[in-house]
Each structure stands twice: as structure tokens, then as C-alpha cells.
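Here numbering that gives the first Met the number 0 is used: the first residue of the sequence shown is 0, the next is one more, and so on.
Glycine included, each C-beta is placed from N, C-alpha and C at the ideal position.
Below is one structure, written out as C-alpha cells, with a few remarks after it.
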Amino acid sequence: MSELTNPAAPAVPTTRAERWRLILGQESSASCGALSARLQGVDAALGALYEPHGPNGLARRGGRGGSAPNVARWLGDIRRYFPASVVQVMQRDALQRLELRQMLLEKEMLENIQPDVHMVANLVALSGVIPAETKETARLVVRSVVNDLLRRLEEPMRSAVSGALDRARRNRRPRHAEIDWNRTIRANLRHWQPALRTVVPETLIGYGRKARKPQREVLLCIDQSGSMAASVVYSSIFGAVMASLPAVSTKLVVFDTEVVDMSEKLDDPVDLLFGVQLGGGTDIHRAVTYCQAQIREPHSAILVLISDLYEGGVEKKLLARALELVEAGVQFIVLLALSDEGAPAYDQHLAGQLAALGVPSFACTPDAFPGLMAAAIRRDDIHQWAAGNGLVTTRPIR
């Protein structure tokens with residue numbers, strides 16, 4: 000079925016002049032020529048956002064009253080003309096260029112949004128002021144994104160962590176199915192029998208049996224400042240998955256100048272997210288001090304601080320606390336971001352000072368996070384793991 004007979008099919012410019020006309024906007028009509036009828040809807044959708052004060056511009060209909068229905072129609076148009084990845088970019092551009100945050104308060108707009116992580120972050124940030132009649136709609140938008148992320152990320156996370164836990168505990172009297180043949184062969188190479196052309200193992204090394212009590216303590220300590228919004232969403236998803244594993248004791252703590260333990264809400268990431276207060280100041284030392292007090296067995300504990308490290312508290316106290324944790328045997332890792340955007344702006348000097356204490360700092364994507372946690376559980380060298388996965392760690396500053 001062609002795009003002319005299928006209204007859902009995107010209209011695609013076929014000539015170079017059409018492409019330039021769409022890029023340059025209405026003022027280029029004289030030099031690029033008029034658009035065909037099939038591209039006029041695309042041009043109107045682009046012009047509404049990128050020529051906001053033009054005849055079809057969204058900014059001409061600013062205000063809380065008549066704007067929401069127009070924006071809702073515009074959201075429907077861009078979903079018809081563009082693929083989902085482009086729709087998400089345009090929605091983010093609209094929030095920044097047209098100051099549409101207040102329009103998120105309108106139920107009509109919420110119902111027409113193409114949900115993504117950034118939209119969830121905006122809804123969470125506005126959760127305290129969203130009117131009661133649209134709160135349920137907002138929760139449905141957030142839940143749809145959370146469910147989508149769980150479908151994509153739960154199995155990799157569960158498999159990576161469970162596999163690392165099984166291999167983290169070794170025993171010297173394994174059953175046949177529990178034998179770690181690679182480690183067993185390496186440990187018995189000196190028992191090579193030339194006549195038999197084989198190794199006769201004297202020592203068997205096996206994977207550990209499942210423990211009845213948690214094998215690892217994982218603490219996710221998350222900065223609530225506005226720049227970390229996407230990281231908060233992803234951390235909540237991963238925290239919920241780890242909390243469902245009996246072999247992992249998982250805590251999730253969020254902080255600004257105050258510290259809030261959200262561990263009891265890990266069974267429902269949506270409730271957790273709506274309990275977060277994005278924005279505000281930052282006291283990292285206070286949050287790390289709280290997490291240190293929650294650790295029962297330092298040698299089995301993994302503390303993941305997710306922050307851009309712009310400390311509003313006392314840096315010297317934070318560094319002293321970090322040194323205490325490292326010397327006690329805690330595996331302390333700083334993620335400058337847990338998002339798809341890559342390395343953010345961050346305090347490079349503080350990150351370098353932490354690296355000098357043995358606390359690696361780097362930005363991590365959601366797809367790489369399960370592997371990171373598996374490496375931490377095995378107590379691998381995190382610097383080497385990061386380098387092997389193309390992630391750049393901060394250099395130490397002494």
C-alpha cells in the first residue's frame with residue numbers, strides 16, 4: 000500500500016530541493032520551490048516547533064487555555080509523520096524551545112504523548128503540582144515506560160547478576176554438574192600425564208551452591224538533582240530487578256540536601272519514581288554517610304553512587320568517608336550518569352580525587368549496567384572492565 004493510500008505511512012521527501020525546503024522552512028519557498036501536497040503536513044508539523052511564531056506556530060497559542068488541544072493535535076501529527084525515535088527528539092525540543100512543561104499538566108496532552116525516559120523525568124519532576132484529575136493519566140504514562148524498560152532490561156540484569164553470584168562462591172567438593180572445568184584444568188596443569196595425554200585433576204573447583212542468605216549487599220545512592228533525572232529512572236528499574244533476587248540485598252537511597260531511603264518501594268518502580276523529588280541542592284557526604292551505616296558486611300558490599308559529583312557539602316569529609324569505605328573492603332563505584340546520553344558535565348577534580356582513593360568514576364549506559372554489576376559481584380578490576388567495554392574512567396588526581 001503506498002503512502003498516498005495509507006495515511007499512517009510517513010511522507011518522505013524524494014528530491015534534494017524538497018529536503019532543503021523542509022530544513023530551511025517557509026522562507027526558502029522562493030528558492031527551493033513549493034512542496035507537494037503529501038509533504039505539506041510534514042512541513043506544518045516541523046514549522047509549528049521550529050518556526051514557533053509563524054502562522055502555524057505553537058508559540059502563537061501559548062497559555063494554559065486554548066493551547067493544549069492544539070499541542071495534542073501536533074503530537075498526533077508528528078507521530079503520524081515521523082518514526083518513534085524522531086518523535087521523542089521533537090518532544091524534548093518542544094519542552095525546551097516552547098516551554099511546554101506547564102502543558103504537561105493538561106490531560107489531553109498526556110494522553111497523546113509518545114512516552115520515553117525524558118518525558119517520565121518531566122512528569123516525576125512535576126508530580127507535586129499535577130492536578131488531581133490528571134495524576135492518574137500521568138501515572139499511566141510513567142507505567143507504560145517503566146513496563147517497556149522492564150521488558151528490555153530485566154532479563155539481561157537478572158542473568159548477569161545471577162551468573163556472577165553462582166560463580167562468586169566456589170567450593171572444593173563440587174558435584175559433577177557444579178565443576179568449573181576451566182578453573183579446575185588451570186589449577187591442575189602440573190598433573191599433566193604425557194602417556195595418557197590428559198590432565199588427572201587432584202583438586203576440583205566448583206561453582207558455589209545457592210546460599211540461603213544474601214551473598215551481596217548492593218546500595219544504589221542516587222543524586223536527585225535535575226541533571227540526573229534520566230539516571231533516577233534507570234536506577235529505579237535496575238534496583239527493582241535486583242531487589243527481586245533473593246541472593247542480593249538491595250537498597251535504594253535518593254538524596255539532595257536530605258537523604259531518603261526508598262528501599263521499601265522497590266517492588267513498584269512507579270510508586271518509587273513518584274516518591275522522588277527531582278531538583279534541589281546536593282550533599283553527597285551526608286548520603287554516603289547514611290549508606291555506610293547500612294552496610295553489614297563490607298567485604299560483600301557494593302556501593303554505587305550515581306552523581307555528577309557537584310558537592311554542596313564538605314568535600315574533605317566526603318573523601319575521608321570514601322577512604323574509610325575502600326579500606327573496609329567495600330566496592331565503591333561512582334557513575335557520573337546512568338543514561339543513554341553519554342558523559343555529562345561533572346566535577347572532574349573531585350572525580351579524580353576519588354579515583355586516587357580507588358573509587359572509579361565513569362558514565363555508564365543502561366545496556367552496560369548489568370555487566371558492570373556482574374563484574375562488581377565477581378570483584379573484578381572495574382577499571383579494566385570499563386576499558387574493555389569502551390567506557391573511559393576518570394584519571395586519578397593526587
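Using 10 angstroms around the beta-carbon of residue 218, count the other beta-carbons present and answer buried if the total reaches 16, otherwise exposed. Taking the first residue of the sequence shown as 1, we reach residue 218 at position 219. So residue 218 counts as buried.
6 Å Cβ shell around residue 221 - same chain, five flanking residues per side excluded: For the purposes of this step, residue 221 is taken as residue 222 along the sequence shown, with counting starting at 1. The residues are 231, 234, 253 and 305.
Does the contact criterion of 3 or more C-beta pairs under 8 Å hold for the stretch 247 to 261 versus the stretch 338 to 355? Verdict: no, contact absent.
Please determine, among 86, 83, 318 and 249, the residue with the shortest C-alpha to C-alpha distance to residue 266. Reading the sequence shown from its first residue, position 267 is the one you call residue 266. Comparing alpha-carbon positions, the option among 86, 83, 318 and 249 lying closest to residue 266 turns out to be 249.
In or out: residue 392 buried (at least 16 other Cβ within 10 Å) or exposed? Against the sequence shown, residue 392 aligns to sequence position 393. So residue 392 ends up on the buried side.
Does the Cβ of residue 384 have 16 or more other Cβ atoms within 10 Å, making it buried, or fewer, making it exposed? The residue you call residue 384 lines up with position 385 of the sequence shown. Flag for residue 384 reads buried.
Residues of its chain near residue 132, where Cβ-Cβ distance is below 7 Å and the 5 sequence neighbours each way are ignored: Counted from its first residue, the sequence shown places residue 132 at position 133. In chain order, 106 place their CB closer than 7 Å to the CB of residue 132, counting only its own chain and leaving out the 5 sequence neighbours on each side.
Taking 8 Å as the limit between beta carbons, can you name the residues of its chain near residue 27, skipping five residues before and five after? As a position in the sequence shown, residue 27 is number 28, starting the count at 1. 19 and 20.
Sub-8 Å separation of residue 351 and residue 394 beta-carbons: By 1-based counting over the sequence shown, the position of residue 351 is 352. By 1-based counting over the sequence shown, the position of residue 394 is 395. With a cutoff of 8 Å on beta-carbon distance, residue 351 and residue 394 are scored as near each other.
Assuming residue 288 is part of the beta strand (DSSP E), what are its boundary residues? Counting from one through the sequence shown, the residue named residue 288 turns up at place 289. Element bounds for residue 288: not the beta strand (DSSP E) but the alpha helix (DSSP H), 283 to 293.
Which residues share a DSSP beta bridge with residue 217? To locate residue 217, count along the sequence shown from 1; it is residue 218. According to DSSP, which records beta bridges pairwise, residue 217 is partnered with 249 and 301.
What residues are listed by DSSP as bridge partners for residue 330? If you number the sequence shown from 1, residue 330 lands on position 331. For residue 330, which the question treats as bridged, DSSP gives the partners 301.
To which residues does DSSP link residue 254 through a beta bridge? As a working note, residue 254 is residue 255 in the sequence shown. 222 and 258.
Using only CA atoms, which one of 237, 247, 197 and 227 lies nearest to residue 216? Indexing the sequence shown from 1 puts residue 216 at position 217. Per the Cα distances, 247.
Local conformation of residue 243 per DSSP, three classes: The count along the sequence shown starts at 1 and reaches residue 243 at position 244. It is coil, neither helix nor strand.
Going by DSSP, what residues sit across from residue 197 in a beta bridge? Numbered from 1 along the sequence shown, position 198 holds the residue referred to as residue 197. Looking at the DSSP output, residue 197 bridges to 192.
Using CA atoms only, rank isn't needed, just tell me which of 362, 149 and 142 is closest to residue 272. Taking the sequence shown and counting its residues from 1, one reaches residue 272 at position 273. The shortest C-alpha separation from residue 272 is found at 142.
Under 8 Å between C-beta atoms of residue 156 and residue 81: To locate residue 156, count along the sequence shown from 1; it is residue 157. To locate residue 81, count along the sequence shown from 1; it is residue 82. Their beta carbons are not under 8 Å apart, which means residue 156 does not touch residue 81 by this criterion.
Coil, strand or helix - residue 375 by DSSP: Counted from its first residue, the sequence shown places residue 375 at position 376. In this structure, residue 375 counts as helix in the three-state DSSP scheme.
Assess, as a yes-or-no matter, whether the stretch 296 to 311 is touched by the stretch 181 to 201 under the definition of 3 or more beta carbon pairs within less than 8 Å. With contact defined as three or more Cβ pairs closer than 8 Å, the stretch 181 to 201 and the stretch 296 to 311 are not in contact.
Beta-carbon gap between residue 120 and residue 229 smaller than 8 Å: If you number the sequence shown from 1, residue 120 lands on position 121. If you number the sequence shown from 1, residue 229 lands on position 230. Yes, the Cβ-Cβ distance between residue 120 and residue 229 is below 8 Å.
What span of residues does the beta strand (DSSP E) with residue 361 cover, start to end? Translated into positions along the sequence shown, residue 361 becomes position 362. Going by DSSP, residue 361 is part of the beta strand (DSSP E) stretching over 360 to 363.
Check whether the Cβ atoms of residue 357 and residue 313 lie closer than 8 Å to each other. Counting from 1 along the sequence shown, the entry for residue 357 is found at position 358. Counting from 1 along the sequence shown, the entry for residue 313 is found at position 314. Not closer than 8 Å, so no.
Range of the contiguous alpha helix (DSSP H) that encloses residue 121: Mapped onto the sequence shown, residue 121 falls at position 122. For residue 121, the enclosing alpha helix (DSSP H) starts and ends at 116 to 124.
Could you give the DSSP three-state label for residue 336: helix, strand or coil? Counting from one through the sequence shown, the residue named residue 336 turns up at place 337. For residue 336, the secondary structure class from DSSP, reduced to helix, strand or coil, is strand.
At the level of alpha carbons, what is the spacing between residue 163 and residue 370? Mapped onto the sequence shown, residue 163 falls at position 164. Mapped onto the sequence shown, residue 370 falls at position 371. Cα to Cα, residue 163 sits roughly 9 Å from residue 370.
Residue 265 in three-state terms, based on DSSP: To locate residue 265, count along the sequence shown from 1; it is residue 266. DSSP places residue 265 outside both helix and strand once states are collapsed to three, so it counts as coil.
DSSP state of residue 356, grouped into three classes? Numbered from 1 along the sequence shown, position 357 holds the residue referred to as residue 356. Coil at residue 356, not helix or strand.
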